[in-house]
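With this note's numbering, the residue at position 416 of the sequence shown is 446, and numbering never jumps. By construction, the Cβ of each residue, glycine as well, lies at the ideal position given by its N, Cα and C atoms. Right, one structure below, let's go through it.
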Amino acid sequence: MPSSQVRITAKATTSINYTLYYGTFIHTPTLDNLEICFNTLVGVNDQGIIDFMHKNYNPNEHNGKSPIDFFIENHHDYHHHHRRYGRHFEYVDISEEMGVKFFFPGFIDTHIHASQFPNIGIGLDTPLLDWLNNYTFALENQFTDLNSNRRKLEFANLVYSKVISRTLNNGTTCASYFTTIDSQTTNLFGQLLLELGQRGFVGKVCMDDNATFNKYQETYEECIESMDAIISHLSVLNPESEILVQPIVTPRFAPVCTRELLKYLGNLSEVNKIPIQTHISENVDEIKLVEHLFPECPNYASVYDSHGLLKQSTILAHAIHLNDEERKLIKRKHCSISHCPTSNTFLSSGEAPIKQYLTRDKINVSLGTDVSGGFDSSILGVIKHSILVSHHLSMKTNNPKDKLTLSDALYMSTMGGAKAMGLQDMIGSFEMGKKFDVQLIDLSIHTSNVDVFNWQYINEEEGDKKMVDLLGKWVFSGDDRNCTKVWCNGRLVVDKKASGHRDDRWVMI
């Protein structure tokens with residue numbers, strides 16, 4: 031087990047060769063724009079950056095010239111690459127299985143509690159505040175309250191390694207994590223992200239007024255000390271020229287933070303240019319509690335705003351019950367919402383009007399698993415639940431405009447998440463200059479739940495339409511078995527076929 035003080039080798043920065051990828055690429059570069067790119071050739075350099083993207087290259091239209099030959103003859107930087115890499119090009123070709131295999135951007139999970147991972151599936155029918163007191167705080171306290179540092183680090187290593195591996199296995203290449211109030215195990219979590227190859231924000235939970243479970247809290251002074259230690263540690267953890275792991279300021283939510291702490295965290299974010307994540311308007315009783323604790327503020331969102339916590343780099347989880355003034359404030363401050371429909375349903379918190387946020391209010395929305403309020407650590411499952419919840423809301427409001435489309439949900443899972451984390455110029459879609467954070471989806475895995483019949487395969491006349499149908503099969507019938515390979519920062523970090531068995535579900539490399 032790595033010590034919390036030892037620098038480790040980062041899987042997502044290991045040496046790689048220049049690689050050409052050829053096949054079907056699907057992404058949502060903007061809202062309402064599902065782009066399907068057949069026969070596309072993408073070059074990724076040794077820094078994991080997309081060097082070029084040539085769409086719709088069909089060898090039959092170029093005298094049978096292979097994609098590699100086309101690259102050699104037409105890419106203006108080829109001779110530079112040849113001198114630099116010699117013969118060390120790699121080539122990944124999935125074009126023969128058009129449609130049933132495709133490249134899709136890595137999922138981005140903007141709200142997940144790493145420390146709660148062991149509690150997945152526990153606490154059904156328990157309202158939010160009771161769920162926190164009966165299940166969550168006790169588990170998180172184990173990261174701080176074991177008899178020795180060694181036992182504490184062993185416990186954290188077990189849980190944190192599992193959640194990172196599991197989410198990578200599900201196709202999540204980037205996530206914004208909550209840990210606990212403990213700085214030592216939070217630092218360990220940052221190291222494990224690098225070791226296992228996932229991009230992420232690391233948020234030490236800040237809370238100094240947890241009256242309902244008072245043995246799990248910190249003092250204001252302890253929070254300042256631990257935040258300084260974490261920022262210092264994470265700032266030197268990344269390899270040169272790479273930013274894979276970053277701190278994020280994390281007031282748990284307003285009811286467990288003093289005004290003094292909220293003000294300090296807002297200032298800390300401003301001075302150090304660190305993003306912010308927190309919860310807002312998840313539960314009706316929670317909102318009433320905030321009104322009671324902060325009577326000077328007109329609403330929940332204004333509590334955060336009055337302490338300098340609403341800004342473009344702020345991720346607000348849940349946001350189910352926002353009033354019109356809060357929506358306007360969040361839009362004006364350019365904050366993002368992390369929609370967590372699985373958790374919102376599991377804890378009976380409510381149905382967020384996400385389509386309204388996207389179209390009427392013009393608020394950026396991303397997706398979060400919210401483990402362990404959410405029982406599924408896969409963003410693919412959250413995509414499905416986001417659509418289904420929007421249909422239930424539409425039935426309730428009798429307004430079909432409340433329904434999310436497949437394209438909406440796929441956008442929120444990728445580019446919406448990238449924007450929420452301020453990484454829209456780095457990840458979230460396939461563009462020259464962006465990092466190659468990608469998953470390879472295979473709908474032909476014979477042990478998966480997806481069945482594709484011969485008349486559903488892609489043809490030239492109905493390529494886009496049939497591909498959208500296959501995407502629907504993936505979202506509503508697929509699971510982690512269909513995600514066969516995962517690249518983060520251009521590095522292959524998950525390969526489920528590495529052992530030679532077609533349907534191996536868990537092979538980390």
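Which whole-angstrom value is the C-beta distance of residue i and residue j, which I expect to be below 8 Å?
i	j	result
residue 404	residue 379	That belief does not hold up - the Cβ atoms of residue 404 and residue 379 are roughly 11 Å apart, past 8 Å.
residue 279	residue 295	5 Å
residue 500	residue 522	Residue 500 to residue 522, Cβ: 24 Å. No contact.
residue 40	residue 225	7 Å
residue 98	residue 162	Not a contact, Cβ separation roughly 56 Å.
residue 396	residue 446	4 Å
Could you give the first and the last residue of the continuous beta strand (DSSP E) run that contains residue i?
i	result
residue 482	That residue, residue 482, is in no beta strand (DSSP E); it is neither H nor E in DSSP.
residue 229	229 to 233
residue 205	202 to 208
residue 139	137 to 143
residue 395	394 to 397
residue 306	306 to 310
residue 275	275 to 277
Evaluate residue i with the Cβ neighbour count: other Cβ atoms within 10 Å of its Cβ, from every protein chain shown; 16 or more gives buried, anything less gives exposed.
i	result
residue 487	exposed
residue 430	exposed
residue 167	buried
residue 415	buried
residue 140	buried
residue 237	buried
residue 394	buried
residue 121	exposed
residue 265	exposed
residue 400	buried
residue 169	buried
residue 301	exposed
residue 303	exposed
residue 463	exposed
residue 245	exposed
residue 241	exposed
residue 425	exposed
residue 427	exposed
residue 66	buried
residue 309	buried
residue 357	buried
residue 383	buried
residue 421	exposed
residue 117	Since pLDDT at residue 117 reaches only 49, below the 50 mark, its modelled position is unreliable, and no value is offered.
If I follow the unbroken alpha helix (DSSP H) through residue i, where does it start and stop?
i	result
residue 368	Segment 366 to 369 is the beta strand (DSSP E) holding residue 368; no alpha helix (DSSP H) there.
residue 224	213 to 226
residue 420	409 to 427
residue 466	It is not in any alpha helix (DSSP H) - residue 466 carries neither H nor E in the DSSP assignment.
residue 193	179 to 199
Any chance the CB of residue i is under 8 Å from a heavy atom of the ligand FMN?
i	result
residue 178	Summarising the ligand content, the structure contains no ligands, and the ligand FMN is consequently not present.
* To do: Determine contact between the region 132 to 144 and the region 49 to 58, defined as no fewer than three beta-carbon pairs at a distance below 8 Å.
  => yes
* Would you list, in sequence order, the uninterrupted beta strand (DSSP E) runs of no fewer than 3 residues that lie entirely inside the region 54 to 135? => 63 to 74, 80 to 84, 119 to 123, 131 to 135
* Please go through the region 501 to 526 and give each complete beta strand (DSSP E) segment of 3 or more residues, from N-terminal end onward. => 513 to 518, 521 to 525
* To do: Kindly provide the ranges of any beta strand (DSSP E) runs that are 3 or more residues long and lie completely inside the region 319 to 351, ordered along the chain.
  => 344 to 348
* Asked: Which whole runs of the alpha helix (DSSP H) in the region 367 to 391 are 4 residues long or more, in chain order?
  -> 371 to 376, 384 to 389
* Any 3 or more C-beta pairs closer than 8 Å across the region 181 to 189 and the region 506 to 515 -> no
* Asked: Counting pairs of Cβ atoms below 8 Å between the region 310 to 325 and the region 269 to 287, do you hit three or more?
  -> yes
* Asked: Does the region 145 to 157 come within contact of the region 58 to 78, defined as at least 3 CB pairs closer than 8 Å?
  -> no
* If we count Cβ pairs, one from each stretch, closer than 8 Å, do we get three or more for the region 219 to 232 versus the region 257 to 274? -> yes
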